[in-house]
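So the structure is just underneath, and the comments pick up after that.
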Amino acid sequence: ETGVTQTPRHLVMGMTNKKSLKCEQHLGHNAMYWYKQSAKKPLELMFVYNFKEQTENNSVPSRFSPECPNSSHLFLHLHTLQPEDSALYLCASSQLGRETQYFGPGTRLLVL
Amino acid sequence: EDQVTQSPEALRLQEGESSSLNCSYTVSGLRGLFWYRQDPGKGPEFLFTLYSAGEEKEKERLKATLTKKESFLHITAPKPEDSATYLCAVQPNSGGSNYKLTFGKGTLLTVNP
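Top line first, the protein sequences correspond to chains A and B. Counting with the working numbering, you get residues 5 to 116 for the letters of the first sequence. Counting with the working numbering, you get residues 33 to 145 for the letters of the second sequence.
Right, dumping it as structure tokens:
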């Protein structure tokens, strides 16, 4: 595997379900990010982790819960989501001190 | 607050018809301006980083330029495979938040054969 990978690529869940999104980066980076991309809207930064420590929570509802067990893995735990949470969820990584963020392919989430 | 406005929202070109995409920005000190390409259902793919006014970067048929208020992505003799959404983002040079990217909504480019 190379770059940034995300699983699953597609997810359909009910409003009462609990699911998790997984991201793994193979670039040796030490910062990881979750973004939300909705139709007709710019990418929205959700969470930032530097060296496994959360440094940013961009006013994200508590039904989204991130976890970063190490510098290579990032999870987004989902519970009691709303239909308006349907979107493309993107993971990215970067090397602190270097600005460029590299993105994974995303998870397309549909909440019914 | 950092802001990025991209225009046009959509652009349709014939193969070989050169054009430019615009990215206007306001930021509290620019650390970097980024261009990404995004294909449907995929994540953004990094193209360029520009750091200071007057800087230019090229890659195949793409050339990015930067001024103090805007950036242009020039596409020379485009091919159908250049069809994608092109995203612009800025990163501020402000203390502990200098990793933050503020994105525009993108320009959807369609190149017809």
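Each residue gets a CB set at the ideal place from its N, CA and C atoms; glycine is no exception. Note that the structure is a prediction, hence the values are computed from the model and not measured.
Nearer than 7 Å: is that true of the beta carbon of M36 (chain A) relative to any heavy atom of the ligand MG?
Ligands displayed in this structure: none; no statement on the ligand MG is therefore possible.
Does Y131 (chain B) come within less than 8 Å of chain A when only Cβ atoms are used?
Start at 1 with the first residue of the second sequence, and residue 131 (chain B) comes out as number 99. Chain A, which has a Cβ nearer than 8 Å to the Cβ of Y131 (chain B), makes this yes.
Output, in sequence order along the chain, the residues in the region 43-54 of chain A whose CB is closer than 9 Å to any CB in chain B.
K44, K45, P46, L47, E48, L49, V52, N54
Does DSSP put E47 (chain B) in a helix, in a strand, or in coil?
Numbered from its first residue, the second sequence carries residue 47 (chain B) at position 15. DSSP places E47 (chain B) in coil when its eight states are reduced to three.
Residues near T81 (chain B) in its chain [Cβ-Cβ closer than 6 Å; skip 5 each side]:
Here residue 81 (chain B) corresponds to residue number 49 of the second sequence, with the count starting at 1. Excluding residues within five positions, the ones whose Cβ falls inside 6 Å are G64, F66.
Check whether the Cβ atoms of L119 (chain B) and P72 (chain B) lie closer than 8 Å to each other.
Within the second sequence, residue 119 (chain B) is the residue found at index 87, counting from 1. Within the second sequence, residue 72 (chain B) is the residue found at index 40, counting from 1. Not a contact, by the Cβ cut-off of 8 Å.
Of the listed residues A:Q58, A:S63, A:N54, A:L49, nearest to L94 (chain A) (C-alpha basis)
Here residue 94 (chain A) corresponds to residue number 90 of the first sequence, with the count starting at 1. Closest option to L94 (chain A), Cα to Cα, is A:L49.
Counterpart residues of Y33 (chain B) in DSSP-defined beta bridges:
Along the second sequence, one-based indexing puts residue 33 (chain B) at 1. Note on identity: in this sequence residue 33 (chain B) is Glu, with Tyr being the wrong assignment. Note: E33 (chain B) sits in no beta bridge, so no partner.
Listed from N- to C-terminal order along the chain, which residues in the region 37-69 of chain B have their beta-carbon within a distance smaller than 8 Å of any beta-carbon of chain E?
In the structure shown, chain E cannot be found, because the protein chains are A and B.
Taking C-beta pairs closer than 9 Å, name the residues in chain B that T104 (chain A) reaches, listed in chain order.
As a first step, residue 104 (chain A) is located in the first sequence; it is residue number 100 there, counting from the start. Result: G64, F66, F78, T81.
Would you report the Cα separation of L78 (chain A) and V36 (chain B), rounded to the nearest angstrom?
Taking the first residue of the first sequence as 1, we reach residue 78 (chain A) at position 74. Taking the first residue of the second sequence as 1, we reach residue 36 (chain B) at position 4. The straight-line gap from Cα to Cα measures roughly 28 Å.
In whole angstroms, what is the alpha-carbon distance linking E47 (chain B) and L141 (chain B)?
Counted from its first residue, the second sequence places residue 47 (chain B) at position 15. Counted from its first residue, the second sequence places residue 141 (chain B) at position 109. Rounded to the nearest angstrom, the two C-alpha atoms are 12 Å apart.
Among A:N74, A:V52, A:K56, the one whose alpha carbon lies nearest that of N62 (chain A)
Within the first sequence, numbered from 1, the residue matching residue 62 (chain A) stands at position 58. When only C-alpha atoms are compared, the closest one is A:V52.
Over the uninterrupted beta strand (DSSP E) stretch that includes Y118 (chain B), give me the two end residues.
Locating residue 118 (chain B) in the second sequence gives position 86, counting from the first residue. From DSSP, the beta strand (DSSP E) with Y118 (chain B) extends over 116-124.
Would M19 (chain A) be called buried (16 or more neighbouring beta carbons within 10 Å of its own) or exposed?
Taking the first sequence and counting its residues from 1, the one referred to as residue 19 (chain A) is at position 15. With fewer than 16 other Cβ atoms within 10 Å, it is exposed.
If we define contact as Cβ-Cβ less than 8 Å, is F135 (chain B) a contact residue for chain A?
Residue 135 (chain B) sits at position 103 when you count from the first residue of the second sequence. True, the Cβ-Cβ gap to chain A drops below 8 Å.
To which residues of the same chain is H81 (chain A) closer than 6 Å at the C-beta, ignoring the five residues directly before and after it?
Residue 81 (chain A) sits at position 77 when you count from the first residue of the first sequence. S24, S69.
DSSP state of P189 (chain A) mapped onto helix, strand, coil:
Here chain A comprises residues numbered 5 to 116, so residue 189 (chain A) is not present and cannot be evaluated.
Mind listing the chain B neighbours of F107 (chain A)? Cutoff is C-beta to C-beta under 7 Å, in chain order.
What you label residue 107 (chain A) is simply residue 103 of the first sequence in a count that begins at 1. Residues of chain B passing the Cβ test: G75, P76.
What residue does the beta strand (DSSP E) around N54 (chain A) start on, and which one ends it?
Against the first sequence, residue 54 (chain A) aligns to sequence position 50. From DSSP, the beta strand (DSSP E) with N54 (chain A) extends over 48-54.
Put E113 (chain B) into one of helix, strand or coil per three-state DSSP.
For the purposes of this step, residue 113 (chain B) is taken as residue 81 along the second sequence, with counting starting at 1. Helix, per DSSP.
Measure the C-alpha to C-alpha separation of Q70 (chain B) and A116 (chain B) and round it to an integer number of angstroms.
Within the second sequence, the letter at position 38 stands for residue 70 (chain B). Within the second sequence, the letter at position 84 stands for residue 116 (chain B). Answer to the nearest angstrom: the Cα atoms are 6 Å apart.
By the three-class DSSP mapping on this structure, what secondary structure does E57 (chain A) have?
Counting from one through the first sequence, the residue named residue 57 (chain A) turns up at place 53. E57 (chain A) falls in the strand class under three-state DSSP.
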